[in-house]
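Structure record follows, encoded as structure tokens.
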Amino acid sequence: MELHPKYQVVLACVLLLPALCFSQGYTYSRATYYSTPDGYGTPTGACGYGDYGRTVNYGMVAAVSGLWRDGAGCGACYQVRCKNPRLCDNDGTTVVATDYGAGDRTDFIMSPNAFKDLGRNPRASEELKKYGVVDIEYRRVPCRFAGYNVRIKIHESSKYPYYLAIVIQYVPGMSDVTAVEIYQNDRHEWRPMRRAYGAVFDIVGAPRGPLMLRLRFSGRTGWAQSTKSAIPGDWKVGASYDSQVQV
């Protein structure tokens with residue numbers, strides 16, 4: 001008697017290919033790491049996060065290549081676990097994409113803290129570092145480390161009040177910011193901000209006064225708008241603000 005295809009899959013998962021079935025939903029790749037003096041990330045990442053990109057998520061961050069998506073992939077969270085059962089923790093680690101980096105068939109170039117977190121114990125982590133490059137599987141997971149609202153920061157290149165650049169520091173869940181607009185009160189209209197690079201959006205001739213924002217997210221229709229002014233009229237370079245925008 002021939003089994004129905006769905007029962008064939010179940011039988012294979014139970015008897016023949018448990019590792020393969022357990023890994024459904026993951027993408028296979030490789031990962032390596034870069035060096036920093038303290039194990040954290042780098043403040044010069046291509047997303048434009050600055051020092052935030054060094055310490056966010058306890059420094060468990062990574063540079064990505066194919067997942068970069070012209071900067072839209074900045075801030076995305078991924079569960080990464082390596083495939084060496086002797087050395088690797090089954091849960092792996094969660095990293096935040098904070099930089100662009102391309103290696104030898106690697107999807108992730110991880111900070112030392114993140115790469116170390118792949119190991120099941122400190123001794124295993126040190127042995128993994130000697131390999132340099134490890135086989136991994138990964139999947140995107142929701143970001144949940146900084147609340148429920150999108151957070152922004154005034155970028156250091158901003159010049160009050162003539163030029164405004166913001167960094168999208170944190171987006172909860174699994175959506176990417178694809179567009180940002182800012183409201184100009186005196187003209188009663190929304191003006192688009194340009195994606196300058198990475199997670200940095202800017203506008204020349206920034207409107208005066210408290211500013212409202214609205215954002216468009218991947219996989220969703222329409223705009224998500226701040227319920228009140230997301231940026232105060234006397235905004236300061238380097239200041240971070242809760243946008244009041246929820247995904």
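Sequential numbering of the sequence shown, starting at 1, is according to the numbering used here.
We treat Cβ as the ideally placed atom computed from N, Cα and C, and that holds for glycine.
Distance between beta carbons of residue j and residue i, contact taken as under 8 Å
i           : j           : result
residue 169 : residue 49  : 7 Å
residue 91  : residue 151 : Their Cβ separation, rounded to whole angstroms, is 26 Å, which puts residue 91 and residue 151 out of contact at 8 Å.
residue 208 : residue 233 : 7 Å
residue 34  : residue 109 : 6 Å
residue 42  : residue 133 : Between residue 133 and residue 42 the Cβ distance is about 19 Å, and since that is not below 8 Å, they are no contact.
residue 88  : residue 119 : 6 Å
residue 56  : residue 173 : Actually they do not touch by this definition, with Cβ atoms about 16 Å apart.
residue 72  : residue 178 : 6 Å
residue 218 : residue 176 : 4 Å
residue 194 : residue 182 : About 11 Å; that fails the 8 Å criterion.
residue 77  : residue 96  : 6 Å
residue 180 : residue 213 : 6 Å
residue 200 : residue 167 : 5 Å
Residue i and residue j closer than 8 Å at C-beta
i           : j           : result
residue 53  : residue 64  : no
residue 121 : residue 59  : no
residue 139 : residue 25  : yes
residue 202 : residue 162 : no
residue 230 : residue 211 : yes
residue 106 : residue 29  : yes
With 16 other Cβ atoms within 10 Å as the buried cut-off, status of residue i
i           : result
residue 160 : exposed
residue 94  : buried
residue 220 : exposed
residue 126 : exposed
residue 204 : exposed
residue 245 : buried
residue 155 : buried
residue 40  : buried
residue 239 : exposed
residue 102 : exposed
residue 86  : exposed
residue 98  : buried
residue 148 : exposed
residue 116 : buried
residue 100 : buried
Residue(s) in a DSSP beta bridge with residue i
i           : result
residue 190 : 183
residue 153 : 167, 240
residue 202 : 165, 194
residue 173 : 143
residue 111 : For residue 111, which the question treats as bridged, DSSP gives no partner whatsoever.
residue 29  : 136
residue 159 : 163
residue 224 : 215
Unbroken beta strand (DSSP E) runs of length 3 or more, entirely within the segment 31-106: which are they?
61-64, 77-82, 93-100
Quick check for students: name the residue ranges of the beta strand (DSSP E) that lie wholly in the segment 116-150, counting only runs of 3 or more.
134-141
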